[in-house]
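Notes follow the structure.
There are 6 protein chains.
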Amino acid sequence: MSGQLLVINPNSSTEVTEAIDRAMAPLRAASGVGIKVVRLEDGPPGIETQQDVESVVPLIVRRIRDTNDAGGYVIACFSDPGLHAAREVTRRPVFGIAECGILTALTLGARFGLISILRQVIPRHLRYLGAMGVTERFAGDRAIEITVTELADERTTFARMVAIGTELRDENGADVLVMACAGMAEYRARLAETLGIPVIEPSQAAASMALGRIALGW
Amino acid sequence: MSGQLLVINPNSSTEVTEAIDRAMAPLRAASGVGIKVVRLEDGPPGIETQQDVESVVPLIVRRIRDTNDAGGYVIACFSDPGLHAAREVTRRPVFGIAECGILTALTLGARFGLISILRQVIPRHLRYLGAMGVTERFAGDRAIEITVTELADERTTFARMVAIGTELRDENGADVLVMACAGMAEYRARLAETLGIPVIEPSQAAASMALGRIALGW
Amino acid sequence: MSGQLLVINPNSSTEVTEAIDRAMAPLRAASGVGIKVVRLEDGPPGIETQQDVESVVPLIVRRIRDTNDAGGYVIACFSDPGLHAAREVTRRPVFGIAECGILTALTLGARFGLISILRQVIPRHLRYLGAMGVTERFAGDRAIEITVTELADERTTFARMVAIGTELRDENGADVLVMACAGMAEYRARLAETLGIPVIEPSQAAASMALGRIALGW
Amino acid sequence: MSGQLLVINPNSSTEVTEAIDRAMAPLRAASGVGIKVVRLEDGPPGIETQQDVESVVPLIVRRIRDTNDAGGYVIACFSDPGLHAAREVTRRPVFGIAECGILTALTLGARFGLISILRQVIPRHLRYLGAMGVTERFAGDRAIEITVTELADERTTFARMVAIGTELRDENGADVLVMACAGMAEYRARLAETLGIPVIEPSQAAASMALGRIALGW
Amino acid sequence: MSGQLLVINPNSSTEVTEAIDRAMAPLRAASGVGIKVVRLEDGPPGIETQQDVESVVPLIVRRIRDTNDAGGYVIACFSDPGLHAAREVTRRPVFGIAECGILTALTLGARFGLISILRQVIPRHLRYLGAMGVTERFAGDRAIEITVTELADERTTFARMVAIGTELRDENGADVLVMACAGMAEYRARLAETLGIPVIEPSQAAASMALGRIALGW
Amino acid sequence: MSGQLLVINPNSSTEVTEAIDRAMAPLRAASGVGIKVVRLEDGPPGIETQQDVESVVPLIVRRIRDTNDAGGYVIACFSDPGLHAAREVTRRPVFGIAECGILTALTLGARFGLISILRQVIPRHLRYLGAMGVTERFAGDRAIEITVTELADERTTFARMVAIGTELRDENGADVLVMACAGMAEYRARLAETLGIPVIEPSQAAASMALGRIALGW
């Protein structure tokens, strides 16, 4: 459908792509703007290193440049790869899930914490928070440090998220959390309930902002 | 309709309320969530002084506390009066147009400028930007300094907005602007086109974020 | 006496008002400017929620507007309710105890900590520190989390203050503390001595600054 | 008199010392704490370079260490020379006029400007504002660039102050100004009236804070 | 030579590469560590857009990964393309000229200004300054806005640099400037002399830091 | 040798001076610019208090003013005593080891930690980080709290450094450390290896930057 929102998962994982797609269901139900979720077939299976981030940028830029009919775009990786390059190749709005997840957190608490998957991404997050100019509202960034195999084990994953979220809340003083990863929307509500503070699923946050902007035609 | 978005104009002006209502049209057309715009009949005709801001807080809090069926709220005054008190009296999301207008600007440029109506509100804006922790992205705040009578003259108002927007762009280095006032959506597109940089209408920005959150049920 | 300092306790508690009054004794003894401490009879018994804060603003503004003969004002609640609105209705200086307590702390240490009563006020404090632009000097804010009944028990209260102050000093790196509450001046000296770092009683800090400004006639 | 405030002018100028002394008159009249103003006979005639600043530090430290009976100290030079060293040699409170002038400005406006004498001191002021952690409230620092001979000509000096103050107000957006120099209190009220915004005389601001602290015995 | 410094010009221009090479002469003369300057043959002729930046990242990463014998690296483009990805593929130190140019400026003045070639790069610079966490020392960024053809005309280019540098010094308050571009070292000394404030040539600044680190073996 | 780098140890300790001298060996070997390390015979045995810092300033300034043939200077005390005064008395570059150590850390990690000797110096460090404008990159400052006698015991000293470095890494989130002291270069490599993150020896960092600048003739 012309003018719909295109959500691009920059990795090649169909599981993650499907999880993002499911996360779009409530927004789809409430909006007249369609939402399509795609993956980059040539992308890496997951995005961990800075090199992974850089490697998907040309793929994302090309995908957006070559799309004629989308009304707007969400780049569904928490490193917001290629966000500013993508904005050069289209007049339609382009959103990153890190940017939108964090901005949405600013409406839900005084200090936000990030729940990351791997510790090695934290320096990249810190650079990004600095570039966004929002470090004054930042409480902390902690990683669940879980392997791909373990990620498949929902019980372990959720338990780690609760443990890390508790540390962010009690030691770092976060009163709102952002899941620093796409594709984990299924855990959001349970995590928020368990911890007693709001939790942001960033691809939903980004799609929300994108749908409004598409409707407005900005 | 149950679950719809309630946009509260804290002043008593029907003209402003109707202008906000018209600004909601594109969002209404694209969303399955309804949008209702109301004014505070007991509010002041306009909100200029800090006393005006404080005077509407109990009215807004009461209105929200007494509403049973709204899915979410937008407080449509750029001072975001009562935002944090309102969040205490409802579990539904509450948005301020200053907060959302500024956060949306962060997705559209590197440094944002504010176009205010009166110079006297600028210290209040500065305090609010500090509280939001976004001063690093702030380019400047300038006022069109126009009287109520002159505001009725669209030609004068627009000319002042262009003049002030040009100063913010060229002297303060803003590459995105936020209209620091509700009810002036009619000028947005023309202003953006004339200045060549994006312009945010804050009640549309807030309603966009609110509709997404209502749909998600956060 | 004309030109004297009026200290307004925005809650209706006579105990707190009397405690503030006693805290003024050394300043009274040393100054030719008189000091009068009053409570807001219509104020809430204590100020905890944002709604409590907002509820006292019109009372404070009215009290100041209707006072003819004061030389200056101190609003003796750590949320500084109505500070900026009050400054609109008088040409005499108006001080908030949070503002003055924190500014005074900047002359006594490198990083200040706040000892709050209840955890729920911390987000409000964080917004205020941001609005003041002093977060770079901020070490942390911790609450003694004590009920009104327990507050009457001096031994428990002091023990909690020592525990929280120790955490602020040793874990947050504070080298000066501010009591984020009026009416607890009796604990100040003992707390400072026990912890080995300066402790600010904010209504004394505010009255000090106010007396000087009244004398100068600024 | 034992326990009185000792104001130390770190330069050797009797004119400046007498001007500071006259500035203390309203505070003396209102306080039971005495105020004594002295100069450093061995200090330089004026303090301009960083070397001048450093040269007076040992003199100030020695003067404070060797004073037995003062209740508190003000170092009356806008570079606050030796402030932290002085605090090591006495348990009585020591205040710098830059620190107190700037902190007082934070209670009188949203953004403060500094009126300096010579351009060459501005980098030193910028470092100090950074060390104080208050740059977010800083509007600008401009110098009247007047020679010692011209300073004697009150008409020229005042005209330059008005010119520079107008630039700080209109171009830098300052809504409160601090005179970045001791000994010019005579100009304060006229300057504030002419510019329509508050002006801080920093030695009066420092003495105000010091008198309160001496009275309190902190 | 094994262990020498490899300076990579990420564009394909031989003129720029040779200019960078000449800029290395004084460092070569004084150091026992050799310096080799290369260009990316497959790079774009110049780097202006964000897409240009992204396009050279894989080329730079590959070049560094495939180099066996260098002792350290300088990426000689003011966008520091691929800096963090490059640091993942080698244990030898990698430096960006923007990072080093700006850090060196912090040792030479209180507030630094950037002289850019084109206005469109300024938002990218602002994001980078935020990521570096040095915005508090930032005075401004202005572009000489000169076309490639005009760049060949030294007289015009220098005149524009002087004009822009004067604005940065007098309107933005910069007391040290960084040339936000590689390959223009020939202008540095003359520009510094004309403006009366230090000017940083960033590839020289980066090579200086790199040579020390290679010598130390960190 | 004319034009060489003069490294000034502001204390009178020959042990520290010799340790600094040994730390220069790799830089000496790689550079054509000579390096001479001297101590201030009249300086205190160690620099701990603010008074110690101030006491060496005139000695350093005089030493630099009276040196005719140095090409540049490093002040080898982590308080950077007299840095700005020294820059007034010579046209040759002057570097402080705190400034250079911290700036170098910014090229090696996202958040830096400081390993101090004594807790009492931390407030001074915090003021300096504020003056440098780099607090956004600052993770924490912890002291090994070791007496002069214990410092002679290498095993104890190293064990304390590992303990403190571990806390900075794991509790404060530092991914690069700076030794906040001169004369301990012998521990650097072992400490970095043990902790698994880079460690900066600040006199080496400063000498590196100085040698480049001397070679360039800036």
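Protein chains in written order, with numbering that gives the first Met the number 0: chain A, 0 to 217; chain B, 0 to 217; chain C, 0 to 217; chain D, 0 to 217; chain E, 0 to 217; chain F, 0 to 217. Yeah, the Cβ is synthetic: ideal placement off N, Cα and C, and Gly gets one too.
Whose C-alpha, out of the options, is nearest the C-alpha of residue i?
i	options	result
F:S11	F:A75, F:V32 and F:Q3	F:A75
A:E222	A:M160, A:E144, A:L125 and A:A84	The structure shown does not extend to residue 222 of chain A, since chain A is modelled only from 0 to 217, so the question has no answer here.
C:I19	C:Y186, C:G216, C:P197 and C:L190	C:Y186
B:S30	B:G211, B:A188 and B:G71	B:G211
E:I143	E:E166, E:A209 and E:A24	E:E166
D:I116	D:T156, D:E14, D:L82 and D:S202	D:T156
D:G2	D:K35, D:R141, D:A84 and D:S78	D:K35
C:N171	C:H83, C:I59 and C:A109	C:A109
D:P57	D:G33, D:G42, D:A28 and D:M23	D:G42
D:G195	C:E98, C:R62 and C:R90	C:R90
E:R86	E:D169, E:A97 and E:I63	E:I63
Run down chain F in chain order and give the residues with a C-beta less than 9 Å from the C-beta of residue i.
i	result
E:F94	T106
Flag this pair as yes or no: are the beta carbons of residue i and residue j separated by less than 7 Å?
i	j	result
D:R38	D:N67	no
E:P80	E:V120	no
D:E200	D:M178	yes
B:A130	C:G129	yes
F:L26	E:Q203	no
F:R136	F:L105	yes
D:V175	D:L107	yes
C:V88	C:V60	yes
C:V15	C:G182	yes
B:A84	C:Q50	yes
Just to confirm the assignment, what range does the alpha helix (DSSP H) spanning residue i have?
i	result
B:G100	I96 to A104
C:I7	Not the alpha helix (DSSP H): C:I7 falls in the beta strand (DSSP E), residues L4 to N8.
E:G229	Outside the modelled stretch of chain E, which goes from 0 to 217, sits residue 229 of chain E, for which no answer is possible.
D:S11	No alpha helix (DSSP H) contains D:S11, which DSSP labels as neither H nor E.
C:D51	Q49 to D65
E:A188	R187 to L194
How would you list, in chain order, the residues of chain F whose beta-carbon sits under 7 Å from the beta-carbon of residue i?
i	result
E:E135	G132
D:Q49	H83, A84 and E87
Please list, in chain order, the chain A residues whose beta carbon lies closer than 9 Å to that of residue i.
i	result
B:E98	L105 and T106
B:P197	W217
Below 8 Å on C-beta distance, what does residue i contact in chain D?
i	result
C:M208	T103, T106, S207, M208 and G211
I want to verify the contact list: residues of chain A whose CB lies under 8 Å from the CB of residue i, in sequence order.
i	result
E:Q203	Within 8 Å Cβ-Cβ: nothing; E:Q203 doesn't reach chain A, min ~25 Å.
E:V60	Q50 and E53
Using a Cβ cut-off of 7 Å, pull out every chain D residue sitting near residue i, in sequence order please.
i	result
B:L125	A109 and R110
Could you tell me the boundaries of the beta strand (DSSP E) in which residue i lies?
i	result
F:V175	V175 to M178
B:I74	G71 to I74
B:R110	Neither: B:R110 is in no beta strand (DSSP E) and is coded neither H nor E.
D:R38	I34 to R38
Using a Cβ cut-off of 7 Å, pull out every chain C residue sitting near residue i, in sequence order please.
i	result
A:D174	P122
By the criterion of Cβ-Cβ separation under 9 Å, what are the contact partners of residue i in chain G?
i	result
E:G164	Here the protein chains are A, B, C, D, E and F, and chain G is not one of them.
Taking C-beta pairs closer than 9 Å, name the residues in chain C that residue i reaches, listed in chain order.
i	result
D:G139	Neighbours of D:G139 on chain C: none; closest Cβ ~15 Å, over 9 Å.
Taking residue i as the query, report the chain A residues whose CB atoms sit under 7 Å from its CB, ordered along the chain.
i	result
C:G129	E135
Please compile the residues from chain E whose C-beta is within a distance smaller than 9 Å of the C-beta of residue i.
i	result
F:L194	Under the 9 Å cutoff, chain E gives no residues; its nearest Cβ is about 14 Å from F:L194.
Taking C-beta pairs closer than 8 Å, name the residues in chain E that residue i reaches, listed in chain order.
i	result
A:V56	E53 and V56
What alpha helix (DSSP H) runs, 4 residues minimum, are completely inside the stretch 130 to 166 of chain C? 147 to 151
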